[in-house]
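Numbering (this note's numbering), first residue to last: 2 to 485.
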């Protein structure tokens with residue numbers, strides 16, 4: 002019988018000279034060679050801790066390509082037990098820790114200078130799947146889960162526009178999409194979590210078990226615990242999507258129609274964009290989709306009745322449900338081919354109160370140019386705030402809010418990047434002044450005082466959970482919420 006090496010042995014062979022053996026408290030450095038000095042050896046692991054240049058360089062960067070913080074080492078876990086053991090090891094030596102999924106953050110959020118990054122991609126197993134729920138490791142991508150769920154006729158109720166993100170990553174921040182007006186966020190559709198706290202405890206939590214930890218972890222920005230496994234709600238999946246694109250020159254008509262559509266719920270999915278008008282200026286694109294399974298078919302006339310778009314402008318197309326949900330894949334592949342995917346991405350994501358959306362967007366479009374966005378898309382679409390139930394996900398105190406996402410792409414020029422980030426801050430201050438909030442995935446410099454204001458009135462809840470579950474303040478320092 003052929004003998005195969007274990008994953009741990011294989012990785013150690015591949016990364017010889019970079020695998021960590023222990024930690025030297027005197028020099029506060031990792032030891033990768035047979036030591037002569039006294040060190041604290043690592044606990045037995047199913048995976049490995051590495052310090053090779055490629056791993057450290059990758060963990061020091063993210064999709065934003067704006068902030069770089071180099072860790073001391075990277076854990077490639079082979080099990081949840083590895084994360085427990087290394088979290089306890091890190092606590093003993095006061096080493097800061099951050100979990101990293103697909104690295105799609107834009108401002109260094111999953112990075113940690115001189116600490117330990119946990120690469121969650123090696124934990125990517127779907128453990129259970131039924132028509133109504135799925136239990137998955139945090140490193141599973143939504144794309145993978147969608148493919149597996151569709152095979153049995155189900156789907157996650159909410160999918161982000163870009164689906165090659167990890168489950169643990171989006172549950173740490175929220176997870177929003179075109180069906181959120183109906184189903185809330187991805188965090189609103191979690192039934193149970195398994196987490197590892199800052200104390201190195203492996204715990205289960207839900208709405209009925211350790212609810213304080215459950216609510217501090219979902220959209221908690223990694224401050225109290227690392228998500229290692231999640232049980233998610235699934236809903237029946239349609240097989241097709243009919244997509245309607247309608248164009249508007251008048252902002253008020255555009256937002257009124259969006260509000261009408263989510264109020265009546267006549268479409269499965271509602272989003273929208275601010276798009277450049279040929280010859281200068283901006284127009285507005287309402288994107289809506291009706292999910293269906295033949296022989297039942299959407300009624301175009303009923304779906305489009307009473308809308309105030311320019312008559313005859315509706316563009317209608319049919320797609321498979323999977324192709325619609327994964328519609329960004331060709332664009333992403335093209336951008337990667339051009340090398341633009343690796344450019345800096347100073348994104349800004351804000352929630353504008355419904356009463357202020359027209360005035361705010363009027364002011365924005367009066368001064369915004371394509372150069373300000375780097376030709377990146379600008380999203381603008383409504384949600385019902387009552388659907389967003391997790392206390393740490395902050396939205397305006399009005400029944401409806403609009404998500405504004407300026408998905409900027411910058412040339413690799415530090416001056417341009419700095420200017421875009423500064424403009425993000427100005428726009429945030431403007432939106433905050435009228436009762437708006439930020440979606441905490443942005444390239445946005447914030448002080449601890451800004452974070453306190455952002456989380457208020459839930460700030461006390463977060464502080465209490467932080468003290469209980471991460472008392473040494475080791476987790477996810479890249480967010481800048483709790484200074485070291």
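Cβ atoms here follow ideal geometry from the backbone N, Cα and C, with glycine treated the same way. Computed from a predicted structure; not experimentally measured.
- In the structure shown, residue 216 adopts helical secondary structure according to DSSP, grouped into three states.
- The three-state reading of DSSP puts residue 172 in helix, counting H, G and I together.
- Each residue's CA atom was taken as its position, placing residue 200 and residue 450 some 26 Å apart.
- Contact fails between the stretch 452 to 466 and the stretch 379 to 386, because fewer than three Cβ pairs, one in each stretch, are under 8 Å apart.
- The bridge partners DSSP lists for residue 246 are 288 and 316.
- Secondary structure note for residue 77: its beta strand (DSSP E) is the uninterrupted segment 74 to 77.
- One Cα belongs to residue 173, the other to residue 157, and the distance between them is close to 17 Å.
- With a cutoff of 8 Å on beta-carbon distance, residue 255 and residue 282 are scored as not near each other.
- Our two residues, residue 83 and residue 48, have alpha carbons roughly 7 Å apart in a direct line.
- The C-alpha of residue 333 lies about 7 Å from the C-alpha of residue 342.
- Contact between residue 118 and residue 92 does not hold, since the beta-carbon distance rounds to 16 Å and is not under 8 Å.
- Counting along the chain, residue 144 sits inside the alpha helix (DSSP H) bounded by residues 143 to 151.
- Around the beta-carbon of residue 298, fewer than 16 other beta-carbon atoms lie within 10 Å, marking it exposed.
- For residue 57, the uninterrupted alpha helix (DSSP H) segment begins and ends at 54 to 60.
- Annotation: residue 178 to residue 41 spans about 46 Å, alpha carbon to alpha carbon.
- Looking at the DSSP output, residue 138 shares a beta bridge with 230.
- Assigned with DSSP and collapsed to three states, residue 348 falls in coil, not helix or strand.
- When the beta-carbon positions are compared, residue 159 and residue 182 stay at least 8 Å from each other.
- Shown here, residue 96 sits in coil according to DSSP, grouped into three states, outside any helix or strand.
- When DSSP states are grouped into helix, strand and coil, residue 200 belongs to the coil group.
- Looking only at 473, 400 and 391, the smallest Cα-Cα distance to residue 208 is reached by 391.
- Contact check for residue 359 against residue 253 passes: the beta carbons are separated by less than 8 Å.
- Taking C-beta atoms under 8 Å as the contact rule, residue 235 and residue 129 fail to qualify, at a distance of about 11 Å.
- Here residue 181 carries a helix assignment [DSSP, helix/strand/coil].
- Residue pairing by DSSP places residue 380 opposite 274 and 406 in a beta bridge.
- If you ignore the 5 residues before and after residue 476, its C-beta comes within less than 8 Å of the C-beta of 97, 98, 99, 199, 223, 224, 225, 226 and 227, all in its own chain and listed in chain order.
- Between residue 242 and residue 289, the alpha-carbon positions lie close to 10 Å from each other.
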